[in-house]
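Note that my numbering has the sequence shown beginning at 38, numbered continuously upward.
The beta carbon of each residue, even a glycine, is placed where N, CA and C say it ideally should be.
Since the structure comes first, as C-alpha cells, the remarks are kept for the end.
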Amino acid sequence: MGGLAVVTGASSGIGREYARRLASHGMDLIAVGRRQERLDELVAEFPAVSVQTVVANLSTSEGIAKVIDAVGNQPVTMLVNNAGVAHYQPFVELPADQAAEVVGVKVLAPTLLSRAIAPGMVERGTGQIVNVAGMIAFSGPASVEQVPLRRAVYAAALAYAVALSQTLHAELSPAGVNVQVLCPGVVATEFHERQGLDLSAVPRMSAADVVTASLRGIELGEVVTAPGVEQHGLLHDVFAADLAAFGAQSPELATRYRT
C-alpha cells in the first residue's frame, strides 16, 4: 500500500485498529491521540515503518493546530478523522464545556484537519479522507421509545460528518481525492466503558471488522459505509428521499402554511 496516513484517536478502539492495519500494509503513520504510552506501543510494534506520534487534545484549537503543524508539508495519502469523546448525556444535563468538547472533536477538528490536508491531496491528484461517524447519525426521526439512549449533541455531530463527507466527496473526487464516512453501530471499544456504561450483554461489532468494512468500502467506491447494514440499498433509499425533498422545493409558500 505505502504512503503516509494521519490517524486521529489512534490510542484505542477503531483508530488504533486503523493505525495497526495501515502500518501492517507498509504505510507510514502520524498517529494522534491523548495517551503517549499507547502511541509509543505503535512505534514499538511497527519498526519497519515510520510512526510519528502527536499527543493532542482535538477539542481545543491548540490541539488541532499542533496536529496541523506536525503534518506540515508531508505528502499525506490518507486522513482518518476518528477521534471521539465520551460525553453522552441528555441535552439539558450535558455541561456546556462538554457539549463544546463534542463539537470540537467531532465537527471542528475533522473540518480543519481536512481543510489543511486536502489541498495537498488535490495538488497531487490522489488521496483518501475517512470520517468516522456512526449509525446514530440516521436516528434523528426516532422517538425516545425507539432509541432511548440517543443523545442530541452526539447524534447531531455524527450527522454533520455524513453531510460533510458526501458534499466534500462531490467537490474533491473530480481531482482524484475520495471521501468516505464510516457509520458503524455499537462497537466493542473503550468508548462506552469511559461513560460508565456496561454493554457487555449487547451484541457489538469488533473494531477489526469495522476497519475491514471501511477498507473494503473504499475499494467498492462507497461514500457512506455502514458495516452492519446488510441491505446497502436502504442507504440509497435514504439519500434518494433526501434528494427528492431537496428537489421538490419551490419559491412559492407551501399550501399547508397558507391561512
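Q | Through-space distance from Gly46 to Ala81, alpha-carbon basis | A | The count along the sequence shown starts at 1 and reaches residue 81 at position 44. The count along the sequence shown starts at 1 and reaches residue 46 at position 9. Cα to Cα, Ala81 sits roughly 18 Å from Gly46.
- Query: Nearest chain D C-beta to Ala212 closer than 9 Å, yes or no?
  - Reply: Among the protein chains of the structure shown there is no chain D, as only one such chain exists.
Q) Given Ser87, which residues of its chain have a CB within under 6 Å of its CB, disregarding the five upstream and five downstream residues? A) Against the sequence shown, residue 87 aligns to sequence position 50. The residues are Asp65.
Tell me whether the beta-carbon of Tyr55 lies closer than 9 Å to the beta-carbon of Ser251. Position 18 of the sequence shown, counted from the first residue, corresponds to residue 55. Position 214 of the sequence shown, counted from the first residue, corresponds to residue 251. The answer is yes: Cβ separation under 9 Å.
| Gly270: first and last residue of the uninterrupted alpha helix (DSSP H) it sits in | As a working mapping, residue 270 is identified with position 233 in the sequence shown. Taken as a continuous stretch (DSSP letters only), the alpha helix (DSSP H) holding Gly270 covers 270-284.
If you compare alpha carbons, which of Ile51, Ser61, Gly265, Ser49 is closest to Gly39?
The residue given as residue 39 occupies position 2 in the sequence shown. Proximity to Gly39 across Ile51, Ser61, Gly265, Ser49 peaks at Ser61, based on C-alpha coordinates.
Go ahead and label Asn168 buried or exposed: buried means 16 or more other beta carbons lie within 10 angstroms of its beta carbon, across all protein chains shown.
By 1-based counting over the sequence shown, the position of residue 168 is 131. Buried.
Q: Taking the CB atoms as reference points, tell me whether Val261 and Ser202 lie closer together than 9 Å.
A: Here residue 261 refers to the residue found at position 224 when the sequence shown is read from its first residue. Here residue 202 refers to the residue found at position 165 when the sequence shown is read from its first residue. Taking a C-beta distance under 9 Å as the contact criterion, Val261 and Ser202 qualify as a contact pair.
inquiry  = I need the straight-line Cα distance from Asp77 to Thr90, nearest angstrom please.
reply    = Looking up residue 77 in the sequence shown gives position 40. Looking up residue 90 in the sequence shown gives position 53. So the alpha carbons of these two residues sit roughly 7 Å apart.
#### Entry: Assumed close pair Pro127, Arg188 - CB separation to whole angstroms, cut-off 8 Å
Residue mapping note: residue 127 aligns to position 90 of the sequence shown, counting from 1. Residue mapping note: residue 188 aligns to position 151 of the sequence shown, counting from 1. Their Cβ separation, rounded to whole angstroms, is 7 Å, which keeps Pro127 and Arg188 in contact under 8 Å.
Check this for me: beta carbons of Arg71 and Ala93, under 9 Å apart or not? Numbered from its first residue, the sequence shown carries residue 71 at position 34. Numbered from its first residue, the sequence shown carries residue 93 at position 56. Yes, the Cβ-Cβ distance between Arg71 and Ala93 is below 9 Å.
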